[in-house]
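Put into structure tokens, the structure is as follows:
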């Protein structure tokens with residue numbers, strides 16, 4: 001129990017500590033810095049346990065018997081940028097009624113910790129893990145927002161950018177200043193020849209805007225590993241001190257009221273020459289140790305893996321029942337397949353990915369989503385769909401001969417360009433009469449899946465592409481701002497106007513949440529592989545009977561016989577174009 005943990009500073013006999021120590025010994029046992037780092041880590045864990053605020057200790061205890069509290073049906077996650085949603089943390093607190101109207105259970109603002117000045121990759125170049133972006137507020141404002149969310153039965157989730165920091169981060173600055181304690185915090189190669197040896201096996205993330213994985217930095221005395229952008233320096237997790245500092249940063253934020261962490265770029269943590277340096281076994285040991293230690297300090301928090309990889313590569317990020325890693329993971333394969341199925345008007349690849357998602361361990365859960373702040377990476381389905389299908393989908397949602405109003409991003413050489421655009425625009429935009437049906441179809445399927453549904457800011461009122469990004473000199477070179485709009489509160493006000501698209505969409509999302517909250521699901525999910533190709537049918541078991549979601553992916557009506565009590569959609573045997581139906585089939 002949490003009380004036992006907090007009552008004792010001696011953690012040596014605690015099974016969670018022993019589990020973490022075993023992982024770390026496997027990683028660092030031969031490193032001369034390890035024993036000292038382990039002593040330091042133990043002290044920081046004990047300090048964090050002692051510093052855990054009373055209100056959060058109470059939260060830990062109330063959730064002790066419901067470890068999967070975040071799975072409560074009808075409680076979606078909501079994702080947004082603070083500045084684009086309400087300007088500041090204090091301003092965000094004034095709009096929580098809006099989120100309550102959607103029955104939001106998890107509030108996930110995108111990076112809000114102090115970023116570097118200028119281009120910060122949308123906040124993912126963090127300059128300090130213990131300060132808030134001053135444009136948004138202060139740490140006290142963050143604590144206050146977390147407390148207000150808890151009072152409304154909502155939980156605050158933050159991004160933890162654990163693969164890299166900004167060049168301006170104190171750790172990097174200390175390394176540049178010659179501080180021996182930080183001499184090996186980042187990966188710096190001496191020569192261009194050594195860079196070439198590593199690069200031979202690596203894959204560019206941003207081949208157009210930031211080619212290569214290394215950046216020469218005279219101050220660092222060599223070529224710094226920069227997977228993403230030149231100002232984002234990859235941390236060297238081969239140094240045990242890096243692990244200690246990152247874990248301590250998580251403890252600090254958990255004690256500030258953060259109840260979940262989205263671990264950004266999870267797959268990239270460990271590097272090895274001759275490999276793609278993603279999804280390596282050492283990365284999983286790091287996550288196992290972090291999960292165990294965070295459970296010691298803040299038992300009610302969860303970890304969310306942001307591993308935008310093939311489904312086969314994502315599944316290991318849940319760990320095993322004996323060595324858990326992340327509690328949730330982005331269901332990227334199903335998200336991507338949803339869009340592919342909409343383009344094809346056929347469910348084949350989608351059925352395959354939904355079935356494969358069911359291979360997860362019982363203790364792991366999916367975060368299911370339609371869109372997010374990032375691009376749609378078609379190559380994530382390269383092990384499922386033929387290359388020509390990926391290229392077709394890329395072209396389709398870039399608006400080539402289709403209703404979609406998206407744009408192409410970039411991708412490694414030989415792969416189809418990723419896709420950008422708000423969901424409403426990718427579904428045709430407000431001037432397309434079929435857009436609402438397509439958007440409802442996507443979200444109706446997503447909410448029906450086992451796991452936690454994610455609602456991306458603006459989709460609940462069908463906000464379209466943010467074309468104004470092109471007029472902002474700080475944003476114009478990054479096409480992903482196309483789907484990172486500023487919340488239009490005047491448009492949101494039309495959710496109260498019957499007959500408007502905004503009213504229709506907001507009410508639909510509320511209906512999805514209300515309907516789910518009244519259903520007592522049992523674990524499990526299946527997809528009907530024998531249904532006709534235009535239909536996808538998802539079934540989930542109940543105490544008596546089963547919940548069924550049927551979706552027509554085509555632009556033509558399809559006959560599907562109603563076989564139960566209809567919850568959402570029409571109750572006749574014709575499912576209209578892009579039609580959705582939820583029903584309960586009694587046993």
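In the UniProt record's numbering, the protein residues as written are 1 to 587. Think of the CB as a built atom: it goes at the ideal place given N, C-alpha and C, for glycine as much as any other residue.
Buried versus exposed, by CB contacts within 10 Å (16 or more), residue i
i, result
"residue 418", "buried"
"residue 476", "exposed"
"residue 490", "exposed"
"residue 360", "buried"
"residue 420", "buried"
"residue 327", "buried"
"residue 133", "buried"
"residue 552", "buried"
"residue 559", "exposed"
"residue 106", "buried"
"residue 13", "exposed"
"residue 1", "Unreliable positioning characterises residue 1 in this predicted model, as indicated by a pLDDT of 33, which lies under 50. A coordinate reading is not provided."
"residue 137", "buried"
"residue 570", "exposed"
"residue 471", "exposed"
"residue 19", "buried"
"residue 178", "exposed"
CB-CB length for residue i against residue j, believed under 8 angstroms
i, j, result
"residue 585", "residue 545", "5 angstroms"
"residue 110", "residue 66", "Not a contact, Cβ separation roughly 27 angstroms."
"residue 85", "residue 457", "6 angstroms"
"residue 126", "residue 64", "Contact flag wrong, Cβ pair sits at about 32 angstroms."
CB contact check: residue i to chain B, cutoff 7 angstroms
i, result
"residue 158", "You won't find chain B in this structure, because it holds only one protein chain."
Beta-carbon contacts of residue i that lie in its chain and below 6 angstroms, excluding the five residues immediately before and after
i, result
"residue 356", "311"
"residue 93", "145 and 148"
"residue 455", "76 and 78"
"residue 3", "Low confidence applies here, because residue 3 scores a pLDDT of 41, under 50, leaving its location unreliable and the question unanswered by this model."
"residue 287", "325"
"residue 528", "537"
"residue 222", "188, 189 and 190"
"residue 341", "347, 350 and 553"
"residue 265", "163"
Minimum C-alpha distance to residue i - residue among the options
i, options, result
"residue 228", "247, 109 and 205", "205"
"residue 464", "445, 492 and 448", "492"
"residue 446", "381, 520, 535 and 335", "335"
"residue 435", "449, 502 and 376", "502"
"residue 378", "543, 349 and 430", "349"
"residue 83", "579, 484, 294 and 451", "484"
"residue 238", "182, 207 and 250", "182"
"residue 453", "21, 513 and 487", "513"
"residue 251", "555, 567, 526 and 44", "44"
"residue 256", "241, 301 and 281", "301"
"residue 62", "253, 153 and 37", "153"
"residue 87", "499, 566, 488 and 97", "488"
"residue 460", "516, 208, 103 and 118", "103"
"residue 10", "400, 32 and 39", "39"
"residue 410", "480, 424, 442 and 423", "480"
Beta-carbon proximity list for residue i, same chain, < 7 angstroms, skipping 5 on both sides
i, result
"residue 219", "176"
"residue 197", "273"
"residue 285", "23, 26 and 27"
"residue 522", "541, 542 and 543"
"residue 201", "274, 275 and 276"
"residue 8", "Model confidence at residue 8 stands at a pLDDT of 41, short of 50, so the residue's coordinates are unreliable and nothing is read from them."
"residue 412", "203, 204 and 207"
Residues near residue i in its chain [Cβ-Cβ closer than 8 angstroms; skip 5 each side]
i, result
"residue 643", "No information on residue 643 is available, as it lies outside the stretch 1 to 587 that the chain covers here."
"residue 333", "310, 311, 314, 353, 356, 357, 380, 381 and 384"
"residue 577", "434, 437, 552, 554, 555, 556 and 557"
"residue 338", "350, 370, 442, 445 and 446"
Residue i Cβ short of 6 angstroms to the ligand NAP heavy atom set
i, result
"residue 130", "Of ligands this structure carries none, so the ligand NAP is not represented either."
Please specify which runs of the alpha helix (DSSP H), each continuous and at least 4 residues long, are wholly inside the segment 491-574, giving them in chain order.
-> The segment 491-574 contains these whole alpha helix (DSSP H) runs: 501-517.
At 4 residues or longer, and completely inside the segment 246-318: list those alpha helix (DSSP H) runs for me, N to C.
-> For secondary structure counted as the alpha helix (DSSP H) over 4 or more consecutive residues, the segment 246-318 holds these complete runs in sequence order: 281-297 and 311-314.
Could you pull out every unbroken beta strand (DSSP E) segment of at least 3 residues lying fully inside the segment 328-391, listed in chain order?
-> Taken in chain order, the unbroken stretches of beta strand (DSSP E) that lie wholly in the segment 328-391 and span 3 residues or more are 328-330 and 365-369.
3 or more residues per run - each beta strand (DSSP E) lying fully within the segment 393-464 = Those beta strand (DSSP E) runs which fall completely within the segment 393-464 and span 3+ residues are 452-456.
Any chance you could list the alpha helix (DSSP H) runs of at least 4 consecutive residues sitting entirely within the segment 73-110, in chain order?
-> Taken in chain order, the unbroken stretches of alpha helix (DSSP H) that lie wholly in the segment 73-110 and span 4 residues or more are 82-85, 89-93 and 96-101.
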